[in-house]
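**Student:** Residue numbers (UniProt numbering): 1 to 152. Just so you know, even glycine gets a beta-carbon here, dropped at the ideal spot from N, CA and C. Here the structure is a predicted model, which is why all the values come from computation and not from measurement. Take this structure first; my questions come after.
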């Protein structure tokens, strides 16, 4: 199975990434319909050169990216694994690849935000060494957000 997995570094203009993000957004709005107005303004797909797409048998099945948060910190964004391939460790692989990429780019810290119902995601991030911190901008005051941080 391992040899049928390919990890591609790409940009947010990649059509496979855009399709995965569309699936991510759909799943989030289905799970959190009440939050759409609070979070929609933060849900803008900016041009991003730091994107990873995972392919399984040449089909895009997972993604993640990061953007610069401050001088030494990146923010992990758009982590998504298609439901049919969850449990294979793909999210851990993406997270590790993004952190290594960020380190190579000179960053020392990583932050991220997830929502309180994302129990599997929170557990994944904690297993990877992230700790819950006070909400950072633009999530200050949004009680449904869980913000985390890690030295990478």
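Going by DSSP, what residue range makes up the alpha helix (DSSP H) through residue 126?
**Tutor:** 119-127
**Student:** Judging by CA-CA distance, which residue of 4, 118 and 134 is the nearest neighbour of residue 58?
**Tutor:** 4
**Student:** If you compare alpha carbons, which of 14, 150, 21 and 17 is closest to residue 126?
**Tutor:** 150
**Student:** Assign residue 26 to one of three DSSP states: helix, strand, or coil.
**Tutor:** helix
**Student:** How about residue 110 and residue 120: do their beta carbons lie closer than 7 Å?
**Tutor:** Between residue 110 and residue 120, the gap from beta carbon to beta carbon reaches 7 Å or more.
**Student:** Check for me: the beta strand (DSSP E) holding residue 152 runs from which residue to which?
**Tutor:** Per DSSP, residue 152 belongs to no beta strand (DSSP E) and is neither H nor E.
**Student:** Specify the secondary structure class of residue 46 as computed by DSSP and reduced to three states.
**Tutor:** coil
**Student:** With the cut-off set at 7 Å, would you say residue 91 and residue 74 are in Cβ contact?
**Tutor:** Not a contact, by the Cβ cut-off of 7 Å.
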